[in-house]
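In UniProt numbering, the protein residues as written are 1 to 273.
One structure is given here, and the rest of the page talks about it.
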Amino acid sequence: KFREYLLGTSRIARLDAKQEYIRQSLQDGSAASPNPSISTSKQKQVRRKRIGRLQMNGQPKLFGGSLEEYLESTNQEIPLIMKSCIRVINLYGLHHQGIFRVSGSQVEINNFREWFERGEDPLADVNDASDINSVAGVLKLYLRELREPLFPIIYFEHLMELAQLESKQEFVIKMRELISSLSRPVIVVMRYLFAFLNHLSEFSDENMMDPYNLAICFGPTLVPVPEDKDQVQYQNQVNELIKNIITFCDEIFPDDIGGIQYEKYISREPDDV
1 KFREYLLGTS RIARLDAKQE YIRQSLQDGS AASPNPSIST SKQKQVRRKR IGRLQMNGQP
61 KLFGGSLEEY LESTNQEIPL IMKSCIRVIN LYGLHHQGIF RVSGSQVEIN NFREWFERGE
121 DPLADVNDAS DINSVAGVLK LYLRELREPL FPIIYFEHLM ELAQLESKQE FVIKMRELIS
181 SLSRPVIVVM RYLFAFLNHL SEFSDENMMD PYNLAICFGP TLVPVPEDKD QVQYQNQVNE
241 LIKNIITFCD EIFPDDIGGI QYEKYISREP DDV
């Protein structure tokens with residue numbers, strides 16, 4: 001009986017081992033030869049997710065991305081989209097009435113966006129003002145969709161305090177101190193943008209865009225009011241803040257940090273990037 005027990009136990013063990021071997025083989029075969037339709041579906045899902053997160057060439061997103069990450073990845077001091085849009089407006093839009101307030105073509109803006117997202121310049125061959133409102137529109141859209149606004153949210157309360165200062169000298173000094181606490185790449189971009197807006201406001205008799213009107217256009221983008229704040233009350237302070245930065249930008253932003261600076265007289269030939 002003991003011998004029969006051993007034989008029975010051995011047989012059961014062999015059957016268990018065989019069953020485990022068959023099960024493992026089936027799993028390996030399934031992994032090696034998956035259903036083509038399932039494989040294709042999974043590949044599409046993975047590919048779609050990757051494209052949504054990264055550019056085809058591995059660069060960070062432009063729209064909706066981080067300014068600093070993009071600058072570091074592309075070795076640009078000023079994003080191509082900013083340099084290109086500002087160049088075109090400098091050449092053909094300084095006298096254009098309602099620049100940045102008049103809406104452009106949404107189709108054109110979307111087309112410009114797609115080109116810039118690919119790292120290409122759709123404005124390289126522009127030689128007139130026919131698309132100027134769309135050029136202004138895509139620049140505003142880019143700034144509005146940055147992952148973090150140029151003025152980080154953590155500075156909001158401090159910025160609102162500065163907006164209420166009545167002394168120009170005190171405003172300039174304290175604003176300069178706040179600016180100096182930002183990272184150098186962000187300061188260089190800010191300096192470029194505000195110098196351009198200051199230049200644009202010099203033609204307000206024709207384009208109707210004085211510093212305050214420009215602040216109305218750019219305030220919500222550069223210093224968005226947190227949702228838990230009174231939007232109307234704080235938006236007026238934001239507008240006042242941006243107006244003053246545009247007006248006194250030459251005294252606020254440092255010259256000793258190097259980097260590209262905005263030039264009033266820009267070449268008609270786009271820069272190579």
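From the three backbone atoms N, C-alpha and C, an ideal C-beta is built for every residue, glycine too.
From a predicted model like this one, the values you see are computed outputs, not experimental measurements.
Inset, instruction - Consult DSSP for residue 311 and reduce its assignment to one of helix, strand or coil. - result: Residue 311 lies beyond the stretch modelled for the chain, which goes from 1 to 273, so this question has no answer here.
Inset, instruction - Please work out which residues of its chain come closer than 8 Å, Cβ to Cβ, to Lys264, disregarding the five sequence neighbours upstream and downstream, and give them in chain order. - result: Asn90, His199
Legend entry - Three-state class that DSSP yields for His96 in the structure shown: coil
Inset, instruction - Work out the CA separation of Gln76 and Tyr155 for me, nearest whole Å. - result: 26 Å
Inset, instruction - Let me know the alpha helix (DSSP H) ranges lying completely inside the segment 157-204, each 4 residues or longer, listed in chain order. - result: Counting whole runs of 4 or more residues, the segment 157-204 contains the alpha helix (DSSP H) stretches 168-180, 184-201.
Inset, instruction - Please go through the same chain and pick out, in chain order, the residues whose beta-carbon is closer than 7 Å to the beta-carbon of His96, but skip the five residues on each side of it. - result: Within the same chain, His96 has close Cβ partners Ala129, Ile132, Asn207.
Legend entry - Residue burial classification, Gln237 (beta-carbon count within 10 angstroms, cutoff 16): buried
Inset, instruction - Would you mind giving the Cβ-Cβ distance between Met216 and Asn244, rounded to the nearest angstrom? I have them listed as a contact below 8 Å. - result: The question names Met, but residue 216 in the sequence shown is Ile. Not confirmed; about 14 Å, so no contact.
Inset, instruction - Determine the DSSP secondary structure at residue 279, reduced to helix, strand or coil. - result: Only positions 1 to 273 of the chain appear in the structure, and residue 279 is not among them; the question remains open.
Legend entry - Classification of Lys168 by the beta-carbon crowding that lies within 10 angstroms, buried from 16 upward: exposed
Legend entry - Alpha carbon of Ser201 to alpha carbon of Arg191, nearest angstrom: 15 Å
Inset, instruction - In the DSSP assignment, find the unbroken alpha helix (DSSP H) run with Asp250 in it and report its ends. - result: 249-252
Legend entry - Nearest-angstrom Cα separation, counted from Met175 out to Asn213: 21 Å
Legend entry - Rounded separation between Ser33 and Gly119 - CA only: For Ser33, the pLDDT reaches just 43, beneath the cut-off of 50, and the residue's location in the model is therefore unreliable, leaving the point undetermined.
Inset, instruction - State buried or exposed for Ile81, treating a residue as buried only when at least 16 other CB atoms are found within 10 Å of its CB. - result: buried
Legend entry - Ala31, buried or exposed, once every other Cβ within 10 Å from all chains shown has been counted against 16: Reliability of the predicted coordinates at Ala31 is poor, the pLDDT of 46 falling under 50, and the value obtained from them is presented with this limitation in mind. Exposed, because fewer than 16 other Cβ atoms sit within 10 Å of the Cβ of Ala31.
Inset, instruction - Could you give the DSSP three-state label for Lys229: helix, strand or coil? - result: coil
Legend entry - First and last residue of the uninterrupted alpha helix (DSSP H) at Leu146: The continuous stretches of alpha helix (DSSP H) do not include Leu146, and DSSP gives it neither H nor E.
Inset, instruction - Look at the Cβ atom of Gln235, then the Cβ atom of Pro220, and state whether they are nearer than 8 Å. - result: yes
Inset, instruction - Helix, strand or coil for Asn111, going by three-state DSSP, please let me know. - result: helix
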